[in-house]
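Here the structure is laid out as structure tokens; the discussion comes afterwards.
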Amino acid sequence: MFRSRTAPLAKQFAGAQRQVLSKRGYASPAAGGGGNTPLVLGLAGLAGLGGYVYLQRNPSTQAAISANKNEALGRAEDAADSLKGKAQAGAAALSANANEAIGRTKDKAQEAKDDVKGPFDEERKAMGNPGAAPVEALIKNSWVDFKLEKVEPYNHNTKIYTFSFPDSESIAGGKAASALLTKASDPQALLDDKGKPVIRPYTPISHSDEKGNLRLLVKEYPTGKMSKHIANLKPGETLAFKGPIQKYEYKPNEFAHGVTIGGGSGITPMYQMISHSLSLPEDKTKWTLIFANVTEKDILLREEWDRLAKQHPDRFKAVYTLDNPPFMLWKGEKGFVTKEMISKYLPSDHNEKANTKFFVCGPPGQYAAVCGPKDGMKQGEIKGALGELGYTNDNVFKF
Ligand SMILES: Cc1cc2nc3c(=O)[nH]c(=O)nc-3n(C[C@H](O)[C@H](O)[C@H](O)COP(=O)(O)OP(=O)(O)OC[C@H]3O[C@@H](n4cnc5c(N)ncnc54)[C@H](O)[C@@H]3O)c2cc1C
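Just so we're aligned: the sequence shown equals residues 26 to 424 in this note's numbering.
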């Protein structure tokens with residue numbers, strides 16, 4: 026910043042100096058003479074002397090010289106004034122830039138401070154302890170064991186697991202939308218086909234500032250490695266956690282409409298993000314959830330979705346689609362999520378439609394059909410229904 030501003034300024038100074046130097050041409054060395062140099066110099070000397078005497082004695086010429094002198098002095102003064110003006114303008118610009126930079130740095134520092142304070146600041150104030158930030162039980166770069174406290178059935182294949190932190194005053198931490206990584210506490214207990222520990226992400230359904238524990242809603246897959254491992258844990262046993270890892274950093278009013286497309290258990294990141302957004306009074310973002318399941322009893326967190334839709338009818342709509350809908354009285358959609366189904370729930374307002382962001386989290390088959398698979402840790406190209414509708418990586422996020 027400073028470099029690019031001062032470079033033209035230095036050029037101005039250099040240019041002005043060159044101008045002054047070019048006016049001082051008389052000081053340049055004479056070109057070298059030839060063999061009759063002494064004679065030429067002698068004659069020139071005489072002519073010069075004659076001219077000098079003539080000029081000294083002629084008043085009109087003296088007046089002209091004096092006028093020229095004054096004019097030259099005036100020009101020199103003008104040039105000096107101009108340089109001074111430019112230097113002052115340059116200094117003012119630099120000072121303005123410096124002030125701007127200081128202002129920006131202060132803003133950043135405040136942002137960082139706010140970040141550190143996190144979303145729990147108001148609650149801490151209410152508890153009469155505004156200075157103390159709660160300790161986070163999770164560690165970003167290393168594994169820590171949490172004890173399984175209790176297991177509650179949720180439906181036929183899903184349970185809620187409460188894991189307690191070693192310090193009952195600490196919290197999970199993290200911002201919407203994030204996930205925690207899990208692996209078996211005993212590194213040899215759960216290995217993949219290559220002999221490496223199985224690691225899977227889960228997004229807690231408990232609030233990130235809840236003290237003492239976190240809750241996972243885990244669906245058990247018949248051939249699933251981690252979901253089975255968790256299902257087999259007994260209270261008192263532990264699971265290793267790491268994180269939180271920020272999957273998508275949600276910012277209020279970043280887009281006009283968010284469309285979340287989920288399937289099965291991959292719904293918890295959507296829940297974290299949507300419930301967080303709806304809890305912010307300043308956030309005007311509207312949301313549509315398109316949630317695909319096999320049967321009605323597979324719809325995870327349905328009571329929560331329905332409650333949010335009732336509380337925020339102008340901001341949130343939940344659409345359920347089922348492979349096997351009930352024979353009668355089913356008001357939702359049927360079958361897989363298709364291009365036509367997505368189009369049906371897009372906002373009719375053109376600007377809102379253009380300012381829509383899609384989030385997808387579901388089983389591998391759903392990724393392929395809706396947005397194309399992820400490319401390892403990378404987002405991968407947008408294909409499937411959203412690709413056909415013309416959406417790109419700018420409009421789509423794959424969890
Ligand atoms: C950001 C994020 C958050 C998640 N949060 C949760 C959560 O809160 N609760 C939860 O239960 N799961 C969640 N998941 C899914 C979870 O990470 C695992 O993929 C899931 O538990 C299956 O892992 P597994 O080791 O048991 O199965 P695997 O051994 O990986 O797979 C076994 C079989 O299950 C199928 N399968 C794998 N994943 C899914 C899926 N999501 N849906 C349908 N079939 C699948 C595979 O095709 C395979 O046939 C989340 C995923 C992501 C990306």
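We treat Cβ as the ideally placed atom computed from N, Cα and C, and that holds for glycine.
In chain order, what residues of the same chain lie with their CB nearer than 8 Å to the CB of Lys250, ignoring the 5 residues before and after it?
Excluding sequence neighbours, Lys250 sits near Leu215, Asp217, Val223 and Arg225.
Does the separation of the CB atoms of Asn349 and Thr320 fall below 9 Å?
Cβ atoms of Asn349 and Thr320: closer than 9 Å.
Does the distance from the CB of Phe341 to the CB of Ala202 come in under 9 Å?
Their beta carbons are not under 9 Å apart, which means Phe341 does not touch Ala202 by this criterion.
Where Glu177 and His375 are concerned, what is the direct C-alpha to C-alpha distance, given to the nearest angstrom?
When rounded, the distance between both Cα atoms is 45 Å.
Taking only the alpha-carbon atoms, compute the straight-line gap between Lys309 and His301 and give it to the nearest angstrom.
Their Cα atoms are separated by approximately 12 Å.
Taking the continuous alpha helix (DSSP H) assigned at Ala256, which residues delimit it?
It spans Lys250 to Asn257 - the alpha helix (DSSP H) in which Ala256 sits, taken as one unbroken run.
Rounded to whole angstroms, what's the CA-CA distance from Gly291 to Cys386? Just pull it up for me.
Here the alpha carbons of Cys386 and Gly291 stand approximately 5 Å from one another.
Measure the beta-carbon distance from Phe280 to Leu206 and round it to whole angstroms, keeping in mind my assumption that it falls under 8 Å.
Rounded to whole angstroms, the Cβ separation of Phe280 and Leu206 is 28 Å, and the two are not in contact under 8 Å.
Any heavy atom of ligand 1 closer than 8 Å to the Cβ of Val243?
Yes, Cβ of Val243 sits closer than 8 Å to a heavy atom of ligand 1.
With distances taken between CB atoms, is the gap from Thr425 to Gly283 smaller than 9 Å?
This structure cannot settle anything about residue 425, because the visible part of the chain is limited to 26 through 424.
Excluding sequence positions up to five away, which residues of its chain have a Cβ less than 8 Å from the Cβ of Val141?
Confidence at Val141 is low in this model, with a pLDDT of 37, below 50, so the placement of that residue should be treated as unreliable; the coordinate-derived value is given next. Non-local C-beta neighbours of Val141 in its own chain, meaning closer than 8 Å and more than five positions away in sequence, comprise Ala158, ordered along the chain.
So, are the CB atoms of Thr228 and Ala256 less than 9 Å apart?
Result no, Cβ atoms of Thr228 and Ala256 do not sit closer than 9 Å.
Three-state secondary structure assigned by DSSP to Val319:
Assigned with DSSP and collapsed to three states, Val319 falls in coil, not helix or strand.
Which residue wins for smallest C-alpha separation from Thr263, given the options Pro306, Pro212, Asp234 and Phe361?
For Thr263, the closest of Pro306, Pro212, Asp234 and Phe361 by C-alpha to C-alpha distance is Pro212.
Within the continuous alpha helix (DSSP H) that includes Thr293, where are the two ends?
Annotation for Thr293: the continuous alpha helix (DSSP H) segment containing it runs Thr293 to Leu303.
With DSSP run on the structure shown, which of helix, strand or coil describes Glu413?
If DSSP states are grouped into helix, strand and coil, Glu413 belongs with the helices.
To test your reading of the DSSP string, which unbroken alpha helix (DSSP H) runs of 4 or more residues are found completely within the region 161 to 230?
DSSP runs (the alpha helix (DSSP H)) wholly in the region 161 to 230: none.
Span of the alpha helix (DSSP H), counted from its first residue to its last, around Asn376:
First-last of the alpha helix (DSSP H) with Asn376: His375 to Ala379.
With distances taken between CB atoms, is the gap from Lys200 to Pro294 smaller than 9 Å?
At least 9 Å separates the beta-carbon of Lys200 from that of Pro294.
Neighbourhood of Ile299 by C-beta distance below 6 Å, restricted to the same chain and skipping five residues each side
Within the same chain, Ile299 has close Cβ partners Trp312.
Is Val284 near ligand 1, in the sense that its beta carbon is under 8 Å from a heavy atom of that ligand?
Every heavy atom of ligand 1 is 8 Å or more from the Cβ of Val284, so no.
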